[in-house]
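Asker: Residues 65 to 341 (the working numbering) are what the sequence shown spells out, left to right. Ideal placement from N, C-alpha and C gives every residue a C-beta, glycine not left out.
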Amino acid sequence: MTDPTDQTAPSAETRLATFRSRREASVVQPKGSLALVNTQWIDSGQTIWGVPGTWAPAEGGLRVTAAASDNIVVDGLLVDGETIVRGKDNAEPSEIIFSDTVSGFVIAGDEGKYALRVWDSASEGIQEFGGIDGYAYNPDWVITATFTENPAGTTMGFEHLKDNGKTKEQVIPGDISFVKDGVDYNLVAFKSGRALQLVYADATNGVDTYSVGRFLFIAPNPDGTITLDFNLAVLPPCAFSYNFNCPMPPKQNRFRVAIEAGEKNVLKKDGSLLHEV
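Structure below.
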C-alpha cells in the first residue's frame, strides 16, 4: 500500500491513469474482452458460427470432427478425423488454433454442459475500439468498510444477464458494511481467484455508465477492514462483447445514489458507444 506521507510516491491521479492505461491494453489482447466473437453451448452435433468442423458433447469437453483441410489445430496437432477438446475445468485444458488470428477454448457450465469460446485478435470490436471513458479521480468514493467473515461454505445465488432469472450459487466469504452520508450499506462480494468481486449498480447506470452495472475487485485487510476504491471500478466483460454472460448486481448491491467514480462506457474511435445496452 502506498504511504500517503511519502512525497516521492505517485499521486492517486497518476496511479489511476496507469491503471486505466493497462486496462485499455488488456481488452485488446488476443484473448481480451474485445476479442471474444462467439460463445456457443453444445448439446448435440452441430456447426459453430465462424469456425469449421462439427462439434458435439463429450466427456470432459467437446468432440470436434474435421478434415485436415479445415486447418483446426488442437493442442499442437492438426485435426484429421475426431479429437476430444478438454474443457477449462480440466487440469490441462485444450487450446485450439483456427487461423493466425482466431483461437478458442472450451468452457464448462452447469450440469456437465460445455461451450466453445472463439476469440479473434482482429475482431470488429478491436478494430473499432477508441478507449474506455471514465470519471476523474474522486476521493469521496474511497471508503474504508468493515469485513465480517461468513461461516465456511456460505453461498448466495447470483442472477446472470442471459439466464432468464436463474441463479448460480457463488461463495460469499464475508459481509461488507459501512456508513456513508448517513446511509447504512451491507454489500456482498463473491470469491474471484484471490480477490473478492463486488458486482454493483448505482444511479449512473444507463445515464452516464453502462446500464448493467460495474465490478470492483477488492481484498480484506489484515485488521478486519476492507478498502473500497470505486475509482478502480471496471466495466463488466459484457460491456465489450455480447458473448459474455455477466453476473447481475444483487439487491443489496444496488445503490440509489450516483457513484461518480470508475469506468463509464466503452467507446468507438469516433467517441460513440461501442454497445448501446
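Count the other C-beta atoms from every protein chain shown that fall within 10 angstroms of the C-beta of residue 215, then say buried if there are 16 or more, exposed otherwise.
Answerer: Classification for residue 215: exposed.
Asker: Can you tell me whether residue 328 is buried or exposed? The criterion is at least 16 other CB atoms within 10 Å of its CB, across all chains shown.
Answerer: It is buried - the Cβ of residue 328 has at least 16 other Cβ atoms within 10 Å.
Asker: Where does the unbroken alpha helix (DSSP H) through residue 86 begin, and where does it stop?
Answerer: Unbroken alpha helix (DSSP H) run through residue 86: 76 to 91.
Asker: List the residues that DSSP assigns as beta-bridge partners of residue 311.
Answerer: 224
Asker: Can you give me the C-alpha to C-alpha distance between residue 262 and residue 130, rounded to a whole angstrom?
Answerer: 42 Å
Asker: Helix or strand or just coil, what does DSSP make of residue 292?
Answerer: strand
Asker: On the DSSP bridge list, what partners appear for residue 119?
Answerer: 110 and 128
Asker: Which of the three DSSP states is assigned to residue 256 in this structure?
Answerer: strand
Asker: What is the rounded straight-line gap between the Cα of residue 339 and the Cα of residue 269?
Answerer: Our two residues, residue 339 and residue 269, have alpha carbons roughly 14 Å apart in a direct line.
Asker: Hey, out of 164, 165, 99 and 140, whose CA is closest to residue 158's CA?
Answerer: 140
Asker: Under the rule that 16 or more other beta-carbon atoms within 10 Å means buried, what is residue 336, buried or exposed?
Answerer: exposed
Asker: Give me, in chain order, the residues of the same chain whose beta-carbon lies closer than 6 Å to that of residue 207; leave out the 5 immediate sequence neighbours on both sides.
Answerer: 242 and 292
Asker: Which one or two residues does DSSP pair with residue 300 in a beta bridge?
Answerer: For residue 300, which the question treats as bridged, DSSP gives no partner whatsoever.
Asker: Could you name the residues that DSSP lists as bridge partners for residue 264?
Answerer: 278
Asker: Starting from the C-beta of residue 116, find all residues in its chain whose C-beta is less than 8 Å away, skip the five residues before and the five after it, and write them out in chain order.
Answerer: 130, 134, 135, 136 and 162
Asker: Could you check if residue 234 is buried or exposed, using at least 16 other CB atoms within 10 Å of its CB as the buried criterion?
Answerer: buried
Asker: Residue 316 and residue 228 look like a contact to me (Cβ under 8 Å); what is the Cβ gap, rounded to whole Å?
Answerer: The pair is not a contact, with the Cβ atoms about 22 Å apart (cut-off 8 Å).
Asker: Pull up the CB-CB distance for residue 312 and residue 276, whole angstroms please, since I reckon it's below 8 Å.
Answerer: 7 Å
Asker: Just list the residues that DSSP pairs residue 160 with in beta bridges.
Answerer: 138 and 168
Asker: Looking only at its chain, what residues have a beta carbon closer than 6 Å to the beta carbon of residue 103, apart from the 5 residues adjacent to it on each side?
Answerer: Once the five neighbours on either side are set aside, the close Cβ partners of residue 103 are 179, 181 and 307.
Asker: Does chain C have any CB closer than 8 Å to the CB of residue 259?
Answerer: In summary, chain C is missing from the structure at hand, where a single protein chain is found.
Asker: Compare the beta carbon distance of residue 190 and residue 98 with 8 Å and say whether it is the shorter of the two.
Answerer: yes
Asker: Excluding five sequence neighbours on each side, which residues of the same chain lie with their C-beta closer than 6 Å to the C-beta of residue 238?
Answerer: 211, 212, 213 and 214
Asker: Identify, in the order they occur along the chain, each residue of the same chain with its Cβ nearer than 6 Å to the Cβ of residue 319, setting aside the five sequence neighbours on each side.
Answerer: 266
Asker: Our contact map puts residue 303 next to residue 274 with C-beta atoms below 8 Å; I'd like the distance itself, whole angstroms only.
Answerer: 5 Å
Asker: Between the Cα of residue 281 and the Cα atoms of 288, 287 and 257, which residue gives the shortest distance?
Answerer: 257
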